[in-house]
Amino acid sequence: MDILVLGSGGREHAITASLAASRLVSKLYVAPGNGGTGQIAKNISLAIEDPAAVTQKAKELEVDLLVIGPEAPLVAGVADAARAAGIAVFGPSAAAARLEGSKRFAKGFMDRHGLPTAAWGGFQDLESALGFLATHHAPIVIKADGLAAGKGVTVAESDAEAAAAVEACFGGRFGAAGSEVVIEERLTGPECSCLAFTDGRRLLPMPLAQDHKRVGEGDTGPNTGGMGVYAPVPQISAQTEAAILAIMEGAVRGLQEEGLDYRGVLYGGFILTADGPKLLEFNARFGDPETQVLLPLLQSDLAELMYLVATQDTTGLELEWSCEAALSVVLASGGYPGSYQTDKPIAGVVAAEAIPGVKVYQAGTRLGQDGGLFTAGGRVLDVTALGPDLAEAQKLAYEALSYIDFEGIYYRRDIGARALGGQSG
Ligand code: AMP
Ligand code: GLY
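Per the working numbering, the sequence shown starts with residue 2, numbered consecutively.
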């Protein structure tokens, strides 16, 4: 099978590494890719959010499967265009990707199908949003409707902060993504992610994962794309996990009822409240960095699985998962998620990967002319370790990352601490 993967993060390096390990795969292309994918596949340049350009390239390369990593191409309709041209695509249609691309659509979908979520209202102008805030007080949550790279959500602790967030959205801070606003009840509880493969008919869940979104130790400071993650999540009971899976099954039934073509990964972001798990959001793709712990635990062949999902042929398919634990620590450029420097030489990746059970996925990296590795983004590397239990995986990940260095390196030292009885994480 020849495959084209779209994207350039640690998620795409993890996807590409698993595909490269499949005996079914011959040629593997990544657009645009990064320093890590360039070592195991052919990086190509391509306007990945342009449906016509991607379709043309996939035809030219004669690939058997197109795998879409990030959300923007999905929302732009890349899956629809390629599928219409007869290409097997792992990734939902634009209409189905509205589950991620529009918070208002997602909340309406949850209500229509009885999927538990925070009480909410949707607003299309500043006056009505401020009018609502006059009778609904902080703490309250303000969300820009569209894609805002994880920055469109404000959990407001005061009425003034809530009003300012609404004004920022309608004032254009998030461009068109902020022209509608969702205001919702603030929920409290630990969070976890449930990712599942689905061909729109069956749900094939992965182990639960827990991301660490805040930049600082003890879950402090601004939100990021994710600073570290582990899976499975041992502190979540079998009963809670069953409730989460029932909600995910309900989502797949809802997609069917609404005639939405969904083939790919459905990602439910959950908060575990005193009233049971509730949905915070859907994503229409693999998580980053969740993928960097989930795919190393997958023992089934990823290329075959993705092809069966893309061609809606998963009847009878059962996934095999390792019974180990996986933990990944993100190594970031100092200053991220604010401004940071790039082009710093990276040392020690080979030494870290020499440790059995350790994989280093590359996110913001590029290969220099001489084959050396340089930083090229905010999140630079994901150091993943597998161990018989989470404590062992954590120990191994931190041991491995101690070999790695680049100027301004920053990482959280408490990934996994909550599960292991520490104070945060
Ligand atoms: P989202 O992109 O909708 O997942 O929101 C990003 C983060 O904001 C979540 O991971 C939560 O930490 C927080 N958040 C979102 N919605 C709520 C809510 N209704 N109550 C409390 N926290 C929330
Ligand atoms: N790690 C969160 C996300 O991928 O959306």
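All C-beta atoms, glycine included, are put in the ideal place defined by N, C-alpha and C.
Predicted model, so just to flag it, every value in this text is computed and none were measured.
- For K360, the enclosing beta strand (DSSP E) stretches over residues V359 to Q363.
- Within 10 angstroms of the beta-carbon of E291 lie 16 or more other beta-carbons, which makes it buried.
- Straight-line measurement puts the Cα of L204 at about 11 Å from the Cα of E319.
- Positions of the alpha helix (DSSP H) runs, each at least 4 residues long and wholly inside the segment 343-399, are given as 350-354 in order along the chain.
- In the DSSP assignment, N224 is bridged to R215.
- Rounded to the nearest angstrom, the Cβ distance from K144 to G153 is 6 Å, consistent with a contact under 8 Å.
- L75 sits in a helix when the DSSP states are folded into three classes.
- Burial check for E282: the Cβ neighbour count within 10 Å reaches 16 or more, so the residue is buried.
- With respect to the 9 Å criterion, A73 and P52 are not classified as neighbours on the basis of their beta carbons.
- For L67, the closest C-alpha among the options E354, Q342, D383 and A304 is that of A304.
- Nearest C-alpha to E408 among E393, E258, A15 and A377: A377.
- When G335, G417, L421 and A352 are compared, the shortest CA-CA separation from Q211 is found for G417.
- If you ignore the 5 residues before and after F198, its C-beta comes within less than 7 Å of the C-beta of L205, V266, L306 and V310, all in its own chain and listed in chain order.
- From the listed residues I88, L246 and V216, the smallest Cα separation to R414 is found for V216.
- Residue environment analysis places P389 among the exposed positions, since fewer than 16 neighbouring C-beta atoms fall within 10 angstroms of its C-beta.
- Within a 10 Å sphere around the beta-carbon of S94 sit 16 or more other beta-carbons, which makes this residue buried.
- D406 carries a strand assignment under DSSP once its states are collapsed to helix, strand and coil.
- At least one heavy atom of the ligand GLY lies closer than 8 Å to the C-beta of G227.
- For the options G36, M207, E61 and A21, the alpha carbon positioned closest to that of G373 is the one of G36.
- DSSP lists Y30 as the beta-bridge partner residues of K43.
- In this structure, D212 has its beta carbon less than 8 Å from a heavy atom of the ligand GLY.
- Annotation: the continuous beta strand (DSSP E) that includes A197 extends over E192 to T199.
- Judged by DSSP in its simplified three-state form, K104 adopts helix.
- By the neighbour-count criterion, in which 16 or more other beta carbons inside 10 Å mark a residue as buried, V351 falls on the exposed side.
- Contact between the segment 226-233 and the segment 339-351 is absent: fewer than 3 CB-CB pairs across the two stretches fall below 8 Å.
- Around the beta carbon of G179, a 10 Å sphere encloses 16 or more other beta carbons of the protein chains shown; the residue is thus reported as buried.
- Around the beta carbon of D81, a 10 Å sphere encloses 16 or more other beta carbons of the protein chains shown; the residue is thus reported as buried.
- Residue pairing by DSSP places K279 opposite I272 in a beta bridge.
- One Cα belongs to M111, the other to W322, and the distance between them is close to 29 Å.
- DSSP places A145 within a strand segment (E or B) once states are collapsed to three.
- Proximity of the segment 42-57 to the segment 395-411 falls short of the contact definition, fewer than three beta-carbon pairs being nearer than 8 Å.
- L387 places its beta carbon less than 9 Å from that of G358.
- Within the same chain, L7, G8, R12 and E13 come within 6 Å of G70 by CB-CB distance, once the 5 residues on both sides are set aside.
- When C-beta atoms of the segment 189-196 are compared with those of the segment 271-282, three or more pairs fall below 8 Å, so the two segments count as touching.
- A residue is called buried when at least 16 other Cβ atoms come within 10 angstroms of its Cβ; K279 meets this threshold and is buried.
- A distance below 9 Å separates the beta carbons of G34 and A42.
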